[in-house]
Structure formats: C-alpha cells, structure tokens
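In what follows, a structure is listed as structure tokens, so that the remarks can point back to it.
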Amino acid sequence: MKKINKFERILEIIPGAISWAIIIFFVFLAFVHPITCAVILIIFDLYWIIRTIYLTSLLIIAYQKLLRLLDKDWFAESNVLSGFEKIHQLIIFPVYKEGLEILRPSLDALINSHYPKNKMIVVMAFEERRSDSREIARILELEYAGNFSGYISTFHPDGLPGEGRNKGANATWAAKKAKEYVLSKGLEISDIIVSCFDADTCVHPGYFGCLTYHFLTSPNPHQASYQPMPVYNNNIWYAPAFARLVEISSSFNQLIESMRLERFVTFSSHSMSFKTLVDIDYWPVDMISDDSVVYWKAFLHYDGQYRVVPLYTIVSMDVAYSRSIFKTIWLQYRQKRRWAWGVENFPFLIKGFAKNPRIPLITKVRRAYNLLESHITWAVWAVILMFIAPLPILLGGAHFTQIPIGYNLPRITGILLNFTLIASFVIIVLSMLLLPPRPKDVKRAKYLVMVMEWIIVPFIILIVGSAPALDAQTRLMLGRYMEFQATEKSRFKKK
Amino acid sequence: MYIEQRIRAILFYLSVLVFIAILPFILSFALGYKFNPKTLQFTKTGIIVLKAQPGSAAVYLNDKLLDAKSPVTIDELLPGNYQVRLEIEGHYPWSDNIQVEAGKVSRFEKIILFPLRPQVTQLNQDRVTIFWIDEDSGLIYYVYSDNKNNQIYIYTSDLSGQRYQMAANISGTIPAPVSWKLSPDKTKILFFNSRQVRVASLKYNGDSDVLLEPYFIFDYRSNSLCDIFWHSDSFHLILVSYNSVEALEAQSGARPVELASLNRKNPYPYYDIKTDTLYFMDSQKAPDGNLYENVYKLEMAGNKVFDLPSQFKTKANEENK
C-alpha cells in the first residue's frame, strides 16, 4: 500500500475535484440561471470549434511532415555523422501475457530494420510470475539470439519491495540487467540509446536510423526523449470499427501533440539516452503511467532542461480488440482509462517542483497548467457537449424557449458543431492514407466500409470520450488506486 | 525553430483573434441584439418563427417577399407590428398581424395551408352501405347490405384502400339503425340494433359463390338494447339495455345471464377491454331511501364478476338476501 502524506493527497484530489466542479457548476447553472448557462455554453462551443480547426491544421502539418520524412534514408543520413560508430541500440520489450504470435513479428521488425544488427542489443523482459515465460524465452532465444550483437532474456521477480505490478517495474529490472551486460561488453553507457517498446511494437525499417540521426544532431542529446508516432496498423484491417476508430484517434492525437513541443510528453513506445535513464534511476516501479513519468523524472533531474524530440517515423502496434463487441468496448475503455491514469503525473510533478527551486516559476506554472488542462479537458469536453448542452432548454421551462437565446442556443450550437464536419472529413481522408496495404483476404469494399464507419463516432465519443478520464480522476480523487492491467492484444481475423 | 512551429504560432494567434472577433457577434445574435453600424450600438430585437404544412411556402413580411421559404426564422426584428403572409400555389394563404416584442420569440409553428382543391380518393371498389375503421389492425371494413337478395357483403382493405378483399358474405339483411364491433381476436364481427344481435365469422373461405351462414343471431326480448361490447375472450358479449346488464355467449342457443338490473334508461356504458370492466351510470336507492345518480364499475375478469354493491338487483345479491 502506497504511503501518502496530506500534501500528496490534496494534489491527487485536485484534478478530479476541478472536473467534477465544472460539471456540477454547469448543471447547477442550467437549473438556476439557464440564460447564463446558455451564454457560457455558446462561448465553450465557439472555443471548441476554433480549437478543433486549429488542432486539425496541426494534424495536417504533422501528417504532411510524417509523409515527407517516413521513407527518407535515415541510415544514410546518420552513418556519416561523427560518433555514429560508437552508438549502440538497446531495445527492451517488457512482456506480460503476450504470446509468440505477438513477439515474433516485433523481433522480425528489428531484423528488417535498416540498421546494423551488430549494434543492437535486445532484451526480452519477462515476468517471472508467468508460468511459461522461460519456455517462451528459450524458443525466442533459439530463433533470434544469433541475429543481434546481444540478446538477453530477463525474468522480473514478483513482489519486490516498493514495486507495483506494472510495466515500469519489469522494464527497470530489465534495464538494470542490461546495464550489467553492457558494461561487461566494455561499452560506454553514454553511447547507448535505449528504446522501451510495448511487446507488440513493430518498428518502421528506418526507425533506428532516424533515432540515431536525431540523437547525434540534437543539442544536448542526453537531455531529450525521442518519440516516434504510434500507429495501430498491425491488425487494423481485422479489428472492429469501434476499436479501429478509437486507435486512429489516438495516433492522430500523438501527431498533433508532436507539433506542440512545449507540452510534448513521451507516450507508449519511445527512446532515450541510456545514461539519462540510469541517472534518473530508471522508470518508476510503483506507477502505472511509466511512459510519461519517466519524462517528468528526467525533466526534474535536468531542472526543466529536458525535452521530447518528435521522430517522424512510425512504430506500429496492435489495435486492442476482442471477438465480442461488448468486450472490445470494455477493452478500449480500460485501455483509455489506463492512459487517463496519467493524471497521477500531476501530483508527482508538483511534488517534484516543490523540491526543485532551480526550475523557473514560469516553467513550473506553464507545465503544471498544461498537464492539468489536458486531463481536465479530456474529462469534461464530451460531457459538456453531449449532456450539458441540452440542459438549459430542458430545464429552462417555457419562458426560456420564448426568449431569443433559448431559441438560438440549439441553432448556434448546431451551426458551430457543423464546422467539426470539416475536421471530420480531414480526419477520414488522413485515416485512409495511413492504412497499411490491404491484406489479400480483405475485400476492396472494406475501404468504403471504413469510410462509412465514421458515422458511429458520436457513439464512440459517448463511451470513450470523457468517461475513462473522469473515471480515472475520480478514482485518484477517492484514493482508489488503479492496478496495472495490460491490454489484451489479439491477432485473430474477424470471421 | 522549425518552420512548422512558426506556422503553428501564426495559426494559434489567428485562432485567438478569430475567437475574440467572432464571440461578441455570436453572443449578441444569441441574446437577440442587433448591431447598428451607424450608431455603433446594440439594439434589442425580437424573432418570428414560422413553420407551415406543407413546407416551402413563400414568406412575405410587410408585403415584401423574403428569400427564405418556410420553415423560417426571421431574426433581428425591431419591436413593432409586422404583417406576415405565407403562400404556396394551390393552397389557401395564411396571414397574420404579429406583434414583435424586444427579447421575445413569437412562434407560429402549427400553420396549415389547406389545399384549394382537396384530394379525395375513393377507397371502396364495390357498393357500400356503411364502413368502419379498426385502428388496431389498420383495416377498413366496408359493409354492403343487399336487401333485394337478402345478402350482406363485408370487404376489407388497408387504410390507403389497397389489399381490397372480401372478408365475409352472409345471408340476411342489416337491421337498422345499426352498429358494428369487431371481436378482439379479429375473427368475428357483431352488428346490432335495439332488438337484435348478429355475429358473423370473418374467416372467408375465398370462394365468392359460397355463402357463409351467420355465426350467431340473437333476438332480444324487448326493443331496448342500448350497447353491446365484446369481452376480451372474443366469445362473450356484454349487453347493456335500458334496464339491465347481461352477459351472453356468442353461440347459437345461448341464453343471457343478467348481471345487474338498472333503473336508469341510458346508463352511458363504457367498456374497458384491457381489464374487462364495465363503467356505467345508474340511479340506486341509498340507505336513506332516496334515489341518487352514481357511476359504477362492474368487473368481469376472473373471480370479480358480479362485484357490485349490495343494493343492486343481481342474482348473487338476491341469493344472499
């Protein structure tokens, strides 16, 4: 059980309390003063539309950049740079329940990458509590160990003191073992770039070239994380519409975030300097959102002089889905709730800020605000647009509908929200362009189906719009801490 | 600095500017204010909302034709009287003098522009004496009483006159004046006047040469039948006459059972088939010896039959005495 002092508890309560206060305030206002509520809703609608158009513009720019740089010969660009010879790649795959059918393609992708394999050290990080982990490790070693300069399997013991059952603890254990291995081979830690990938991550062939190029050309390369664009292409042709659309939205969100560098934080599979990872004492072992907390650890370690460099290359992962639609919805909900649990970064960051006087106050305020704003917006926007917007009309009574604002509210809301159709059209086109080649067993008509599927977006917004974030914040607010739950990854074809 | 970051900065500030520039106009519009560029002032206005059937009617405001057609919302009207007219070819126009108040919406959403030449369509394909619509089944029943040949023909169609077909062909004539009621299971029809009840089967065998005999004929003992209802079992009939309430099985040779005797000539009966309950009025003597008009209900479902106050003359009450 986590030991938490009062200050930390207050910090944990803040995000959920703000989100609920906003929702309750709107509902209360709709009851007591529907006119004021309607005015605020119109302001929010306008803000939301302009924001959507702005973010869609960023998405187009980011997508265009990704398209331009994706197939660039990064290896040719990087191997002429000074220092290239010394650089080694350390790739860690924390494995939980994933089977060989998931792990093999991830390792095949490494073999197929345009990068010298004699500069790659692969660590397959298993959980010891998994009964067949040693058997799987043995099979993979036989099949793949000879392909890389180094290949080790680690087995993270269960229940180490101070650890939770999460990916960060497993990855940290693996990184410590990898450090011993690296030192035993006479390599310098500062020459190693570590990539921590979800087990289903298949890298683009140019990934390591792109990563090395940016590492060698960035000022202070140890003070940066390197974030590729995650796409969920591995099984996208077979995944049901609901799951596919949710994951495409996640990819697009990362593309948009890559344009907002001042608030860009690591997410899912990413890379960084191994030296920095060791200096900050690895990933957190007692937090679920290890992928973003590791960024904040480095940010605090370097007194705010730490950034995320976007890599316009892709890592492909699995769409989380199941055979039953209800289970798929539940899987997606749970996955988004785990991501939304990233709100635990807020108390972590504020605590860190309180202990670090060297970070300028303005930086502290801006980063804390960005973090809080993104989580609160996530938790309330869909609630406001879908549930609160009709309240002034429903609760305002006959008088409200007889005054101009009562009559104009649905008209203005409708007109403003129609502008989102433009954004939707852009997103549909980009989603089609990002698709991997169509498998032979999938009919051509599937393209049309995939376009038509966007009709169900309002339904998706209802389920995974605000609810997972509100759920996660409420749990944190009430001190009901989440346990890490790995998302089930399946690669079966839809019947 | 990446070129994209510069573009992003421009987009960001542009978005902020657009937000700041548009917001006052959207809010003033929402609140019913009109900006006067000459005086640089906002004036509070009113709205007229017009919805008509059929749609797409031409809209005249103070005799000036508007670009928009109905349904239409006329915004930003200064307070005052406006002459509004809706016109559509081949229909009667609609017009009104509307008083627009500042900060108010004047709604006219139930306007019907009636056609100058209403469309009338004949539905029956044979001669008809009387018709009757059963809402539940969505069918029209057409009844033709051929008095010369002593025949009654019953046809059905859907509500648009389609699927017109014969439902029954019965020998006999319809006693006038007449009323019709379909059984709940839609297999039988009863027609009656003040002294006779006839029930016919609607299971027509498809051969127009075969005449179906009436299912059941019952001659009432006096000329006093007021109304008849089907029991929910489609087998019993509830007969209400000027002096009694009786139950009758709809089969040949059946004899009525008197459920209650009445003092009132017209009891205004209403039968709720969902609960098999008869509601009616009657004058009954109270313990103080006077006659009072009351509303009663007689429940016929299951064990509740005959559940009437003790002052009623029923078989059960008589036996108790």
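Line by line, the protein sequences give chains A and B.
The numbering used here numbers the first residue of the first sequence as 1 and each following residue consecutively.
The numbering used here numbers the first residue of the second sequence as 496 and each following residue consecutively.
Yeah, the Cβ is synthetic: ideal placement off N, Cα and C, and Gly gets one too.
Give a yes or no on whether the C-beta atoms belonging to residue 171 of chain A and residue 96 of chain A are separated by under 9 Å. No; because the gap between Cβ atoms is not below 9 Å, this pair is not in contact.
When you check each C-beta in the region 390-414 of chain A against every C-beta of chain B, which residues fall closer than 8 Å? Only those residues of the region 390-414 of chain A whose C-beta falls short of 8 Å from the nearest C-beta of chain B are listed: 401, 402, 403, 404, 405, 406, 407, 408, 409, 411, 412.
Going by alpha carbons, who is nearest to residue 726 of chain B out of B:794, B:776, B:778? Nearest to residue 726 of chain B by C-alpha distance, out of B:794, B:776, B:778, is B:794.
Mapping the DSSP letters down to three states, classify residue 144 of chain A as helix, strand or coil. It is helical.
The alpha helix (DSSP H) enclosing residue 333 of chain A, as first and last residue numbers: Looking at the DSSP string, the run of the alpha helix (DSSP H) that includes residue 333 of chain A is 325-340.
Can you have a look at residue 122 of chain A and say buried or exposed, based on whether 16 or more other CB atoms are within 10 angstroms of its CB? Residue 122 of chain A should be labelled buried.
Of all Cβ atoms in chain B, is any one closer than 9 Å to the Cβ of residue 66 of chain A? Chain B places no beta carbon closer than 9 Å to that of residue 66 of chain A, leaving this residue out of the contacts.
For residue 738 of chain B, name the three-state secondary structure that DSSP assigns. Of the three classes helix, strand and coil, the one that applies to residue 738 of chain B here is coil, per DSSP.
With 9 Å as the C-beta to C-beta threshold (strictly closer), list the residues of the region 209-233 of chain A near chain B in chain order. For the region 209-233 of chain A, the beta-carbon criterion of a distance under 9 Å to any beta-carbon of chain B is satisfied by none of its residues.
Within the 9 Å Cβ cut-off, does residue 567 of chain B reach chain A? Cβ-Cβ to chain A under 9 Å: no for residue 567 of chain B.
Consider the Cβ of residue 502 of chain B: report whether some Cβ of chain A lies at a distance smaller than 9 Å. At least one chain A Cβ lies under 9 Å of residue 502 of chain B.
Going by DSSP, what residue range makes up the alpha helix (DSSP H) through residue 351 of chain A? From DSSP, the alpha helix (DSSP H) with residue 351 of chain A extends over 345-355.
Residues near residue 736 of chain B in its chain [Cβ-Cβ closer than 6 Å; skip 5 each side]: Within the same chain, residue 736 of chain B has close Cβ partners 719, 720, 721.
Need the endpoints of the beta strand (DSSP E) that residue 725 of chain B sits in, please. DSSP places residue 725 of chain B inside the beta strand (DSSP E), whose first and last residues are 720-725.
With 9 Å as the threshold, decide whether the Cβ of residue 564 of chain B is near any Cβ in chain A. Chain A, which has no Cβ nearer than 9 Å to the Cβ of residue 564 of chain B, makes this no.
Assess contact between the region 136-151 of chain A and the region 95-112 of chain A, defined as three or more Cβ pairs (one per stretch) separated by less than 8 Å. Is contact present? They touch, by the three-pair rule.
Below 8 Å on C-beta distance, what does residue 369 of chain A contact in chain B? The contact set of residue 369 of chain A on chain B, defined by CB atoms closer than 8 Å, is empty, because the minimum CB distance reaches about 16 Å.
Counting only C-beta atoms, is residue 53 of chain A closer than 9 Å to chain E at any point? Among the chains of the structure shown, chain E does not appear; the protein chains present are A and B.
Throw me the rounded Cβ distance for the residue 654 of chain B and residue 625 of chain B pair, which I believe falls under 8 Å. Rounded, the Cβ-Cβ distance is 17 Å, inconsistent with contact.
Interfacial residues, the region 244-272 of chain A to chain B, with Cβ spacing under 8 Å: Against chain B - using a Cβ distance shorter than 8 Å - the residues of the region 244-272 of chain A are 259, 260, 261.
Measure from the alpha carbon of residue 510 of chain A to the alpha carbon of each residue in A:5, A:7, A:15, then state which is nearest. The first residue shown for chain A is 1 and the last is 495, placing residue 510 of chain A beyond what the model contains.
Who are the Cβ neighbours of residue 705 of chain B in its own chain at under 7 Å, not counting the five residues just before and after it? Confidence at residue 705 of chain B is low in this model, with a pLDDT of 41, below 50, so its placement is unreliable and the value that follows should be read with caution. Contacts found: none.
Distance CB(residue 733 of chain B)-CB(residue 685 of chain B) smaller than 9 Å: Cβ distance not < 9 Å, so residue 733 of chain B and residue 685 of chain B don't count as in contact.
For residue 311 of chain A, write down the residues that DSSP places opposite it in a beta bridge. Checking the DSSP bridge columns, you'll see residue 311 of chain A partnered with A:228.
Is it right to say residue 56 of chain A is buried, meaning 16 or more other beta carbons lie within 10 angstroms of its own, or is it exposed? Around the Cβ of residue 56 of chain A, a 10 Å sphere holds 16 or more other Cβ atoms; the residue is buried.
Taking the straight line between their C-alpha atoms, what separation do you get for residue 470 of chain A and residue 67 of chain A? Straight-line Cα distance between these residues: approximately 35 Å.
Assign residue 762 of chain B to one of two classes, buried (16 or more other C-beta atoms within 10 Å of its C-beta) or exposed (fewer than that). It counts as buried.
Give the straight-line distance between the Cα atoms of residue 502 of chain B and residue 251 of chain A, rounded to the nearest whole angstrom. Cα to Cα, the separation comes out at about 22 Å.
Cβ of residue 63 of chain A within 9 Å of any chain B Cβ: Chain B, which has no Cβ nearer than 9 Å to the Cβ of residue 63 of chain A, makes this no.
Run of the alpha helix (DSSP H) containing residue 695 of chain B, from where it starts to where it stops: Looking at the DSSP string, residue 695 of chain B is not in any alpha helix (DSSP H); the run it does join, the beta strand (DSSP E), is 691-696.
Specify the secondary structure class of residue 45 of chain A as computed by DSSP and reduced to three states. In the displayed model, residue 45 of chain A falls within a helix according to three-state DSSP.
Put residue 677 of chain B into one of helix, strand or coil per three-state DSSP. Of the three classes helix, strand and coil, the one that applies to residue 677 of chain B here is strand, per DSSP.
Contact set for residue 546 of chain B: own chain, Cβ-Cβ below 6 Å, skip 5 residues either direction: The residues are 566, 604.
Own chain residues within Cβ distance below 8 Å of residue 29 of chain A, not counting five before or after: Hits under 8 Å: 36, 37, 40.
Taking 9 Å as the threshold (beta carbon to beta carbon), is residue 433 of chain A in contact with chain B? No - not a single Cβ of chain B is within 9 Å of the one on residue 433 of chain A.
Taking just the CA atoms, how far does residue 639 of chain B sit from residue 740 of chain B? Answer to the nearest angstrom: the Cα atoms are 31 Å apart.
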